[in-house]
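One structure is given here, and the rest of the page talks about it.
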Amino acid sequence: MLVIGTFEHSIELEQALAVLENGSITRKCIMVVPMDTHFVSSMQYIGKSRDRYYKGIEVGMACATASSVVGMSVGYALAWGPIIWALITAFAAFFLGLGLFLFLNRNNGKHLPKKLPEVTVIVQCPEEQCTRVAETMWKYRALSVGQTLEPL
Numbered sequence: 022m023l024v025i026g027t028f029e030h031s032i033e034l035e036q037a038l039a040v041l042e043n044g045s046i047t048r049k050c051i052m053v054v055p056m057d058t059h060f061v062s063s064m065q066y067i068g069k070s071r072d073r074y075y076k077g078i079e080v081g082m083a084c085a086t087a088s089s090v091v092g093m094s095v096g097y098a099l100a101w102g103p104i105i106w107a108l109i110t111a112f113a114a115f116f117l118g119l120g121l122f123l124f125l126n127r128n129n130g131k132h133l134p135k136k137l138p139e140v141t142v143i144v145q146c147p148e149e150q151c152t153r154v155a156e157t158m159w160k161y162r163a164l165s166v167g168q169t170l171e172p173l
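Numbering follows my numbering, in which position 82 of the sequence shown is assigned residue number 103; successive positions increment by one, without gaps.
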């Protein structure tokens, strides 16, 4: 029999394939077919929004470092002393730098596609194992699962 399942391209797909391969299904009996999306470049922007925040934190840390040096120097003449003023200016400059970076780059980040491309998994197995294979696919978040007899 053939068990056919569709998945979103995710870690659950990899886990399901690993469980099937570690079971009694051989690698030769599993076929994985990635489906194309209409736009080819839709996958190239995955992870850019996370990188945007990392870059913003780096800019904030650079601003905090520079302003803490200035705050420490000015703090010798002020009432609370250099350490307190260095901490105050570091926190203020970090959040100012982070906020300014995110504000200036708010339109540069590309969003993830609303739906990732799907992957179709076709498993050839004996009829006794069909329910176990289908349950494994459902367990790892398959979008749909179907069973059919092998063509002659």
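Glycine is no exception: its CB is placed at the ideal position from the N, C-alpha and C atoms.
Exposure of Leu99, with buried meaning 16 or more beta-carbon neighbours within 10 Å: What you label residue 99 is simply residue 78 of the sequence shown in a count that begins at 1. With fewer than 16 neighbouring CB atoms inside 10 Å of its own CB, Leu99 falls in the exposed class.
Nearest-angstrom beta carbon gap, Ile51 and Leu38 [assumed within contact, 8 angstroms]: Translated into the one-based positions of the sequence shown, residue 38 becomes position 17. Translated into the one-based positions of the sequence shown, residue 51 becomes position 30. Yes, they are in contact, since the Cβ atoms of Leu38 and Ile51 sit about 7 angstroms apart, within 8 angstroms.
Span of the alpha helix (DSSP H) around Gln36: As a working note, residue 36 is residue 15 in the sequence shown. Per DSSP, Gln36 belongs to the alpha helix (DSSP H) from Ile32 to Asn43.
Separation of Asp72 from Ala114, as counted between CA atoms: As a first step, residue 114 must be located in the sequence shown, where it is residue number 93. As a first step, residue 72 must be located in the sequence shown, where it is residue number 51. Those two C-alpha atoms are separated by around 21 angstroms.
Beta-carbon proximity of Ile78 to Gly92, cut-off 9 angstroms: Sequence index remark: in the sequence shown, residue 78 carries index 57 (1-based). Sequence index remark: in the sequence shown, residue 92 carries index 71 (1-based). No.
Distance CB(Val90)-CB(Leu119) smaller than 9 angstroms: Reading the sequence shown from its first residue, position 69 is the one you call residue 90. Reading the sequence shown from its first residue, position 98 is the one you call residue 119. Leu119 is positioned such that its CB atom lies no closer than 9 angstroms to that of Val90.
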